[in-house]
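Below you'll find the structure, written out as structure tokens, and then a few comments.
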Amino acid sequence: MKVLCVAEKNSIAKEVAKILGGGRIQISNSPYKYVKNYQFTFNFPQLGNCDVTMTSVAGHLSGMDFPDAYKWGRCSPGKLFEAPIVITMSDDQKKIAQNIERLGRTAQKLMIWTDCDREGEYIGKEILDVARKGNPNITIDNTLRAQFSHLERSHVLKAAREPIKLDQNAINAVETRMELDLRTGASFTRFLCDVFQKYKNANLVDVVSYGSCQFPTVGFVVDRFKRIKNFVPEEFWYLDISVRKGKITRFTWKKNRLFDRLAAVVLYQKCMENEKGTITNIKSSPSTKWKPLPLTTVELQKGCSMYFKMSAKESLEVAEKLYQKGFLSYPRTETNVYPKTMDLKALIDKQRPDQVWGEYATGLLDGDLFDTPRQGKKNDEAHPPIHPVNYLNIHSPDATATEKKVYEFVVRHFLATCSKNAKGASTNVDLTWGTEKFSASGLQVLELNYLDIYKYQSWKSSAELPEFTMNEQVKINSAELKSGKTSPPQHITETELIALMDANGIGTDATIADHIEKVCNRQYIIKKTERQKKFLVPSTLGMALVDGFEELNLRNSLTKPFLRKNMEEELKAICDGVKRKNDVSHEMVELYRESFALSVQHQNVILNAYQRYRRALGEQIIA
DNA sequence: GCAAGGTC
18 MKVLCVAEKN
28 SIAKEVAKIL
38 GGGRIQISNS
48 PYKYVKNYQF
58 TFNFPQLGNC
68 DVTMTSVAGH
78 LSGMDFPDAY
88 KWGRCSPGKL
98 FEAPIVITMS
108 DDQKKIAQNI
118 ERLGRTAQKL
128 MIWTDCDREG
138 EYIGKEILDV
148 ARKGNPNITI
158 DNTLRAQFSH
168 LERSHVLKAA
178 REPIKLDQNA
188 INAVETRMEL
198 DLRTGASFTR
208 FLCDVFQKYK
218 NANLVDVVSY
228 GSCQFPTVGF
238 VVDRFKRIKN
248 FVPEEFWYLD
258 ISVRKGKITR
268 FTWKKNRLFD
278 RLAAVVLYQK
288 CMENEKGTIT
298 NIKSSPSTKW
308 KPLPLTTVEL
318 QKGCSMYFKM
328 SAKESLEVAE
338 KLYQKGFLSY
348 PRTETNVYPK
358 TMDLKALIDK
368 QRPDQVWGEY
378 ATGLLDGDLF
388 DTPRQGKKND
398 EAHPPIHPVN
408 YLNIHSPDAT
418 ATEKKVYEFV
428 VRHFLATCSK
438 NAKGASTNVD
448 LTWGTEKFSA
458 SGLQVLELNY
468 LDIYKYQSWK
478 SSAELPEFTM
488 NEQVKINSAE
498 LKSGKTSPPQ
508 HITETELIAL
518 MDANGIGTDA
528 TIADHIEKVC
538 NRQYIIKKTE
548 RQKKFLVPST
558 LGMALVDGFE
568 ELNLRNSLTK
578 PFLRKNMEEE
588 LKAICDGVKR
598 KNDVSHEMVE
608 LYRESFALSV
618 QHQNVILNAY
628 QRYRRALGEQ
638 IIA
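Numbering (my numbering), first residue to last: 18 to 640.
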């Protein structure tokens, strides 16, 4: 029997073929240069000895679009909520499809090896539809679906031997997402371009696009910017006291601060009637600084943005190159727990030759410094956390500067996850003076452990506290009533933006960087550097869009993350079989249609917001 | 000239 296996990308096809084929594989080219065909034999329990061709696609095999009659300018944008949708293929996708169709003609069975996530399930359906064109005997019911989450040998063999079926619910969920994103994205984008037409002619704005991820992204940046702009500093008062015992120790007020000056003055005067205070509690406890969790895409991007000032897009691109060259594992992952089968020590072993961290790696293996990694709670069931798979000598001139940084970061992070937590001892002393309570704390770092390799973080001992005893009467050395002012929040950094998007389900690990880049290109937000600090601010247009849409008071805000989150929940309901695709699609389309109608009706509100900001230009730092 | 999601 002939079996056609299709993976989501060539790298998976290659690895799976290597495992199933057991070394006897024939490789041939396909019409598309990134896809190869691997031929071998394998004994499937239900099918017996089979001639297998393993190939792949390269992500989605098709896209969605509107028919010609609904192209830009040929219909009013609102029509797109009910327009028919056609499946389209790019030239590259056609080449890939051609390969599968041809291979399908001679195959009796199709086995899907796409990633085990929602999109993977849909890609599986795309593959099935193409293979069916070559061979009508192939149906969704007789198509096999391999279930695997990583490429460990026994796991892959089990996946080949115990296939299941494609999950129609997951396929429906993705179809719903694609349809909604297309209808809402295209309709609002065309509408907004019309609204801003006269500014486009003046070259002030380019395409004014709407996307269910773009707007909330801009919304986060605008939100922070406004909080800074609208910030009013408030004066506060606090007691600042010190005690002398051998040396001077400062104590902080448990009330922290008061915004009522008179109340603070009264308390201060009451306390000043006492010359001494009493030590009411002494507590020493071990203190731990936790090592990092295994590395996800989002954490990689946050780290590279924070420590190397790299953009999210850039760090992912670099990690991808390192993955293609075989140095790093697959860099798009949500998983922050290592699979049980992963041989951590073998991976550490590969880092021994390094002139900088080789000694540390050796210490982990030969000493007693190795410690079981922490286990995060996220698992995408498709890819392990990012880790080095092969040694790269970054001290040689071959690698680029950014490759060196990213590789070193991944290695140090990986070694840190396999190290012990940092340990310290903290002491807390409570003091009562008159009616008020104060405290002082000291930290002694005892063992740096992972911090020896994870140079991006630090943990320092504070000045040691004197030896106080319980109920000890101590003389107050100094006592002052001081005042200060609250300060505004800082401008949002790309790191924070990534974290906000991740936490609110805006985009995926693979697309968050793309969305940030897109809203930069659309000139909704601007990257700024001041005093060597990089941050993001909204542009005039970005501010106006967020303000304008907020002023419309839509039932479901387009600039906040809730709508997208809502859609995510609806998609999950489809996956779980709780809701039907058509119902969700219909409900959501109606919801957007209502917002769209109001936006069209009150488009002057959006335009006014823009004109208002343009007039205010000059004294603003926004462009 | 439109979306977001895959991947090279």
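In this text, a Cβ means the ideal position worked out from N, Cα and C, and glycines have one as well.
Inter-residue spacing [alpha-carbon to alpha-carbon] between F566 and L209
On the first sequence, residue 566 is found 549 positions in, with the first residue counted as 1. On the first sequence, residue 209 is found 192 positions in, with the first residue counted as 1. One C-alpha to the other measures close to 11 angstroms.
Tell me the rounded alpha-carbon separation between A433 and R244.
The count along the first sequence starts at 1 and reaches residue 433 at position 416. The count along the first sequence starts at 1 and reaches residue 244 at position 227. A433 and R244: Cα-Cα distance of roughly 37 angstroms.
V283 beta carbon less than 8 angstroms from that of V554:
In the first sequence, residue 554 corresponds to position 537, counting from 1. In the first sequence, residue 283 corresponds to position 266, counting from 1. Taking 8 angstroms as the Cβ cut-off, V554 and V283 do not qualify as a contacting pair.
Rounded C-beta distance between H400 and T350? I'm assuming under 8 angstroms.
In the first sequence, counting from the first residue as 1, residue 400 sits at position 383. In the first sequence, counting from the first residue as 1, residue 350 sits at position 333. The pair is a contact, with the Cβ atoms about 4 angstroms apart (cut-off 8 angstroms).
For E292, which of helix, strand or coil comes out of DSSP?
In the first sequence, residue 292 corresponds to position 275, counting from 1. Residue state, collapsed to three classes: coil.
Could you please give me the residues that DSSP links to E587 through a beta bridge?
Mapped onto the first sequence, residue 587 falls at position 570. For E587, which the question treats as bridged, DSSP gives no partner whatsoever.
Go ahead and label I639 buried or exposed: buried means 16 or more other beta carbons lie within 10 angstroms of its beta carbon, across all protein chains shown.
Walking along the first sequence from the start, residue 639 turns up at place 622. At I639, the pLDDT of 48 sits below 50, so the modelled position is not reliable and the matter cannot be decided from this model.
Compute the Euclidean distance between the alpha carbons of K367 and D360, then round it to the nearest angstrom.
One-based indexing of the first sequence puts residue 367 at position 350. One-based indexing of the first sequence puts residue 360 at position 343. Near 11 angstroms, if we compare the C-alpha coordinates of D360 and K367.
Contact set for N298: own chain, Cβ-Cβ below 8 angstroms, skip 5 residues either direction
Stepping through the first sequence from its first residue, residue 298 is reached at position 281. Answer for N298: N445, V446, D447, M487, listed in chain order.
Where do the N-terminal and C-terminal ends of the beta strand (DSSP E) with P555 fall, by residue?
As a working note, residue 555 is residue 538 in the first sequence. It spans 550 to 555 - the beta strand (DSSP E) in which P555 sits, taken as one unbroken run.
Only counting runs of 3 or more residues, tell me where the beta strand (DSSP E) segments fall wholly within the stretch 373 to 423, in order along the chain.
none
Alpha carbon to alpha carbon, how far is E464 from A280? Give it in angstroms, no decimals.
In the first sequence, the residue the question calls residue 280 occupies position 263. In the first sequence, the residue the question calls residue 464 occupies position 447. The straight-line gap from Cα to Cα measures roughly 44 angstroms.
Hey, how far is the Cα of S229 from the Cα of R539?
Position 212 of the first sequence, counting from 1, holds the residue named residue 229. Position 522 of the first sequence, counting from 1, holds the residue named residue 539. For S229 and R539, the distance between alpha carbons rounds to 15 angstroms.
State yes or no: is the C-beta of I411 within less than 8 angstroms of the C-beta of K421?
Taking the first residue of the first sequence as position 1, residue 411 is located at position 394. Taking the first residue of the first sequence as position 1, residue 421 is located at position 404. Against a cut-off of 8 angstroms, the Cβ pair of K421 and I411 comes out as a contact.
Any chance you could list the beta strand (DSSP E) runs of at least 3 consecutive residues sitting entirely within the stretch 440 to 489, in chain order?
453 to 464
What residue does the alpha helix (DSSP H) around T176 start on, and which one ends it?
Residue 176 sits at position 159 when you count from the first residue of the first sequence. Strictly speaking, residue 176 in this sequence is Ala, with Thr absent from that position. Residues 170 to 178.
How long is the line joining the alpha carbons of I140 and E25, rounded to whole angstroms?
Indexing the first sequence from 1 puts residue 140 at position 123. Indexing the first sequence from 1 puts residue 25 at position 8. If you take the alpha carbons of I140 and E25, they lie about 7 angstroms apart.
What are the boundary residues of the beta strand (DSSP E) that includes V238?
For this step, residue 238 is matched to residue 221 along the first sequence. Per DSSP, V238 belongs to no beta strand (DSSP E); it is in the alpha helix (DSSP H), 231 to 246.
Buried or exposed (CB count within 10 angstroms, at least 16 for buried), D519:
Taking the first sequence and counting its residues from 1, one reaches residue 519 at position 502. By the 10 Å Cβ count, D519 comes out buried.
In this structure, does DSSP put R162 in helix, strand or coil?
The residue labelled residue 162 in the question sits at position 145 within the first sequence. R162 falls in the strand class under three-state DSSP.
H167 and P356 look like a contact to me (Cβ under 8 angstroms); what is the Cβ gap, rounded to whole Å?
For this step, residue 167 is matched to residue 150 along the first sequence. For this step, residue 356 is matched to residue 339 along the first sequence. About 6 angstroms; that satisfies the 8 angstroms criterion.
From K150, I591, A219, residue whose alpha carbon lies closest to that of I188:
Numbered from 1 along the first sequence, position 171 holds the residue referred to as residue 188. It is I591 whose Cα lies nearest to the Cα of I188.
Need the endpoints of the alpha helix (DSSP H) that K330 sits in, please.
By 1-based counting over the first sequence, the position of residue 330 is 313. Here the alpha helix (DSSP H) through K330 covers 329 to 341.
Using DSSP with H/G/I as helix, E/B as strand and the rest coil, what is A100?
Along the first sequence, read from residue 1 onward, the residue named residue 100 stands at position 83. In this structure, A100 counts as coil in the three-state DSSP scheme.
Cα-Cα separation between V622 and D223, rounded to whole angstroms
For the purposes of this step, residue 622 is taken as residue 605 along the first sequence, with counting starting at 1. For the purposes of this step, residue 223 is taken as residue 206 along the first sequence, with counting starting at 1. Taking the straight line from one Cα to the other gives about 20 angstroms.
E425 to A363 span [Cα, whole Å]:
Reading the first sequence from its first residue, position 408 is the one you call residue 425. Reading the first sequence from its first residue, position 346 is the one you call residue 363. Cα to Cα, E425 sits roughly 18 angstroms from A363.
What is the DSSP secondary structure of F59, counted as helix, strand or coil?
One-based indexing of the first sequence puts residue 59 at position 42. Looking at F59 - three-state DSSP - the assignment turns out to be strand.
When the Cα of E585 is compared with those of T379, M128, L197, T314, which residue comes out closest?
As a working mapping, residue 585 is identified with position 568 in the first sequence. Nearest C-alpha to E585: L197.
Output yes or no for whether 8 angstroms exceeds the beta carbon distance between F325 and A177.
For the purposes of this step, residue 325 is taken as residue 308 along the first sequence, with counting starting at 1. For the purposes of this step, residue 177 is taken as residue 160 along the first sequence, with counting starting at 1. Against a cut-off of 8 angstroms, the Cβ pair of A177 and F325 comes out as no contact.
Please report how far the alpha carbon of H430 lies from the alpha carbon of S304, in whole angstroms.
Residue mapping note: residue 430 aligns to position 413 of the first sequence, counting from 1. Residue mapping note: residue 304 aligns to position 287 of the first sequence, counting from 1. Using only the alpha carbons, I get a separation of about 21 angstroms.
Starting from the C-beta of K577, find all residues in its chain whose C-beta is less than 7 angstroms away, skip the five residues before and the five after it, and write them out in chain order.
Residue mapping note: residue 577 aligns to position 560 of the first sequence, counting from 1. Taken in chain order, the residues that qualify are P233, G236.
Using the beta-carbon count (16 or more within 10 Å), is M289 buried or exposed?
Translated into positions along the first sequence, residue 289 becomes position 272. Per the 10 Å Cβ criterion, exposed.
Quick check on the DSSP output: the beta strand (DSSP E) that includes A24 runs from which residue to which?
Within the first sequence, numbered from 1, the residue matching residue 24 stands at position 7. Looking at the DSSP string, the run of the beta strand (DSSP E) that includes A24 is 19 to 24.
Beta-carbon proximity of K440 to R261, cut-off 8 angstroms:
Along the first sequence, read from residue 1 onward, the residue named residue 440 stands at position 423. Along the first sequence, read from residue 1 onward, the residue named residue 261 stands at position 244. Cβ distance not < 8 angstroms, so K440 and R261 don't count as in contact.
Mind listing, in chain order, the continuous alpha helix (DSSP H) runs of no fewer than 4 residues lying wholly within the stretch 511 to 547?
511 to 520, 529 to 538
Alpha carbon of I258 to alpha carbon of K264, nearest angstrom
Here residue 258 corresponds to residue number 241 of the first sequence, with the count starting at 1. Here residue 264 corresponds to residue number 247 of the first sequence, with the count starting at 1. When rounded, the distance between both Cα atoms is 14 angstroms.
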